[in-house]
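Shown next, in structure tokens, is the structure this report addresses.
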Amino acid sequence: MDETFERSDPALCDDEIDDYSPTYIFVRVIQRIERTAQEHELVQEYEINIGEEKTVTVKAYLLYKFVRQKKVQLSKERSIVLYERESSEASFVQERSLKDICVEIRQILIDAWPRNDIERRHIVKRLMLKWHPDKNPDKVKLATKVFQYIQHCLGLLESGKPIPEYAGDDEDFVKRSQSSGGSSYWHDRFWQRYRGSYDDDDWYPRGRRNRRKKGSGAHGGQYNYDPFSGFFSEDRKPYHFYSEAKRWLAQADADLLEAERSLRDSEMANNWICYKAHQAAEKSLMAAWYAKDANKIGSVKDSHELTSIAYGLDSTLKALARQITVISGDHRRMRYPHTLSGTIPAHAYTRQNADIMTSLAKDVNAHVRGNFLK
1 MDETFERSDP ALCDDEIDDY SPTYIFVRVI QRIERTAQEH ELVQEYEINI GEEKTVTVKA
61 YLLYKFVRQK KVQLSKERSI VLYERESSEA SFVQERSLKD ICVEIRQILI DAWPRNDIER
121 RHIVKRLMLK WHPDKNPDKV KLATKVFQYI QHCLGLLESG KPIPEYAGDD EDFVKRSQSS
181 GGSSYWHDRF WQRYRGSYDD DDWYPRGRRN RRKKGSGAHG GQYNYDPFSG FFSEDRKPYH
241 FYSEAKRWLA QADADLLEAE RSLRDSEMAN NWICYKAHQA AEKSLMAAWY AKDANKIGSV
301 KDSHELTSIA YGLDSTLKAL ARQITVISGD HRRMRYPHTL SGTIPAHAYT RQNADIMTSL
361 AKDVNAHVRG NFLK
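Just so we're aligned: 329 in UniProt numbering is position 329 of the sequence shown, and the numbers increase by one with no gaps anywhere.
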């Protein structure tokens, strides 16, 4: 069995790229850092050798084990795959009760939440991988319940609510998660990206792949059950992600401040003032969507057209978006010469254009703050 260090996982980041496959390098684990021995195993630190006698200290959640396959056909000609527990390895759960497992997960997530975004996401990822039903063919019922509890806890934490103590095994975590607002869309996005980087033969544990193809299983005759499926559907109850809305509005405030400062600088190019105002309006509208229903942010998050983003919001924002767009035109027009005929962005906008766009962006920002945030 090979020990590896996860150098990167693009699926955890916010950027849109073509390949979200994580990158691993082979390492040799030297020792655990004793001062971290009392912490949870996921955040304990280890000294590892990454080659050429170079050692570094890393968190345990970045360390994985891979097993070399001998007589199994793997997609993409992989010679190693992420280590999969065998059904005989009962020590994995040590016959622990659902309550004991959920109590531990609750504490892990509570401890993880004050950490930075990337560290927190790595911890959530390890919990998801450990407890997804696809990865636990011998413990499907237990893993499904635990995975749903993880979703429930994430939904509460993302909403700024505390996780109550575990009440009992009869709780309906799916229903409770929906009523509490659910989780933020990045968890669903991560899982789709991460799962999409594997073909079925590399994803499903040995012994489960053939059964899945035959259509037998514990979930409606299939083994491709995913507790995240439908959890972020646009048809479900709106999720008011106010904490994320406030982050976007804070950046809009900063962009608006820069636009106003630039207006006072007589040497500042007018197209850049217009662009800063456009950015402030765009981020304010995104904040409105996070506050109104974060489940639907996916339909607008890649757009820079204000009228498109404002569609579905209230009439005031739609009107303001139209007024800004009348002046700015296509968002690329403020930056790129090829979008203009016979002139360049620096010459296409007047100081009056910049002044009006900044004023309209300020109106957008104020309207979102006063009508969408609580």
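Ideal Cβ positions, reconstructed from N, Cα and C, are used throughout, including at glycine.
| query | Are the Cβ atoms of A291 and M357 separated by less than 8 Å? | reply | Taking 8 Å as the Cβ cut-off, A291 and M357 do not qualify as a contacting pair.
| query | Is R115 helix, strand or coil by DSSP? | reply | Three-state DSSP puts R115 in coil, outside helix and strand.
| Range covered by the alpha helix (DSSP H) that runs through F147 | Membership of F147 in the alpha helix (DSSP H) is indicated by the continuous run V140 to E158.
| task | Assign E260 to one of three DSSP states: helix, strand, or coil. | result | If DSSP states are grouped into helix, strand and coil, E260 belongs with the helices.
| message | Taking the beta strand (DSSP E) that Y46 belongs to, which residues open and close that run? | response | Segment E45 to N49, the beta strand (DSSP E) holding Y46.
| query | Would you say I163 faces chain C, with C-beta separation under 8 Å as the test? | reply | In summary, chain C is missing from the structure at hand, where a single protein chain is found.
| task | Note down the Cα distance separating S315 from R322, rounded to an integer number of angstroms. | result | Looking at the two C-alpha atoms, the distance is approximately 11 Å.
| Reference E41, options T55, T23 and A112, closest by Cα | It is A112 whose Cα lies nearest to the Cα of E41.
| Distance between L373 and A245 (C-alpha atoms, nearest Å) | So the alpha carbons of these two residues sit roughly 8 Å apart.
| request: Out of G168, D9 and A60, state which residue places its alpha-carbon closest to the alpha-carbon of R32. | output: Minimum Cα distance to R32 is reached at A60.
| field | Terminal residues of the alpha helix (DSSP H) in which Q38 lies | value | That residue, Q38, is in no alpha helix (DSSP H); it is neither H nor E in DSSP.
| request: Would you give the residue range spanned by the alpha helix (DSSP H) that T343 belongs to? | output: Membership of T343 in any alpha helix (DSSP H) is not indicated, and neither H nor E is assigned to it by DSSP.
| What number of angstroms, rounded off, separates the C-alpha of L256 from the C-alpha of K362? | Each residue's Cα considered, the two are about 7 Å apart.
| request: Taking residue 378 as part of the alpha helix (DSSP H), name the residues at either end of that continuous run. | output: The structure shown does not extend to residue 378, since the chain is modelled only from 1 to 374, so the question has no answer here.
| field | Rounded separation between Y24 and A348 - CA only | value | Each residue's Cα considered, the two are about 49 Å apart.
| query | For the beta strand (DSSP E) that contains R32, what are its first and last residues? | reply | Under the DSSP assignment, R32 falls in the beta strand (DSSP E) whose first and last residues are R28 to R32.
| query | Contact check, L313 vs L285 under 8 Å by CB: the rounded distance? | reply | 7 Å between Cβ atoms; contact.
| task | For R176, I'd like the list of residues in its chain whose CB is within less than 6 Å of its CB, leaving aside the five on either flank, ordered along the chain. | result | The pLDDT assigned to R176 is 48, lower than 50, so where the model puts this residue is not dependable; a value taken from the coordinates is nonetheless given after this. Apart from the 5 residues on each side of it in sequence, R176 sits with its Cβ closer than 6 Å to the Cβ of H152 in its chain, given in chain order.
| request: Can you tell me which of the three DSSP states Y64 falls into? | output: It is a strand residue.
| So the beta strand (DSSP E) K59 belongs to, where does it begin and stop? | First-last of the beta strand (DSSP E) with K59: T55 to K59.
| field | Neighbourhood of I30 by C-beta, 8 Å cutoff - its chain only, sequence neighbours within 5 removed | value | Listed in chain order, the non-local C-beta contacts of I30 below 8 Å within the same chain comprise Y46, E47, I48, N49 and T55, local neighbours out to five positions each way being set aside.
| request: Assign V326 to buried or exposed, taking buried as 16 or more other Cβ atoms, counted over all protein chains shown, within 10 Å of its Cβ. | output: When all chains shown are included, V326 counts as exposed.
| Nearest-angstrom Cα separation, counted from Y311 out to L142 | Near 43 Å, if we compare the C-alpha coordinates of Y311 and L142.
| request: State the beta-bridge partners of Y24 as determined by DSSP. | output: Per DSSP, E6.
| task | State yes or no: is the C-beta of N365 within less than 8 Å of the C-beta of D265? | result | No, these two residues do not count as a Cβ contact at 8 Å.
| Below 8 Å between beta carbons: does that hold for K125 and L12? | Yes, these two residues count as a Cβ contact at 8 Å.
| request: Please classify D134: is it buried, with 16 or more other beta-carbons within 10 angstroms of its beta-carbon, or exposed? | output: Burial is judged here by how many other beta carbons sit within 10 angstroms of a residue's own beta carbon; D134 has at least 16 and is buried.
| Which whole-angstrom value is the C-beta distance of P22 and E3, which I expect to be below 8 Å? | Incorrect: roughly 15 Å between the Cβ atoms, too far for contact.
| message | Do A288 and L306 count as a contact pair if the criterion is CB distance below 8 Å? | response | No; because the gap between Cβ atoms is not below 8 Å, this pair is not in contact.
| Nearest CA to the CA of A259: which residue from S359, Y336 and Y64? | Across the set S359, Y336 and Y64, the C-alpha of S359 shows the shortest separation from the C-alpha of A259.
| field | Of the residues I163, K296, R369 and T57, the one placed nearest R247, counting alpha carbons only | value | Closest in alpha carbon position to R247, among I163, K296, R369 and T57, is R369.
| query | In whole angstroms, what is the alpha-carbon distance linking H367 and I101? | reply | Rounded to whole angstroms, H367 to I101 spans 45 Å at the Cα level.
| task | State the Cα-Cα distance for the pair L62 and Y149, rounded to the nearest angstrom. | result | The C-alpha of Y149 is placed about 23 Å away from the C-alpha of L62.
| What's the gap between the Cα of L320 and the Cα of V58? | Rounded to whole angstroms, L320 to V58 spans 49 Å at the Cα level.
| Do N270 and R351 come within 8 Å of each other at the CB atom, strictly closer than that value? | Yes, the Cβ-Cβ distance between R351 and N270 is below 8 Å.
| said: Is it buried or exposed, E89, if we count other Cβ atoms within 10 angstroms and call 16 or more buried? | reply: Bear in mind that the predicted position of E89 carries a pLDDT of just 41, short of 50, making it unreliable; the figure below should be weighed with that in mind. Classification of E89: exposed, given that the 10 Å Cβ count is below 16.
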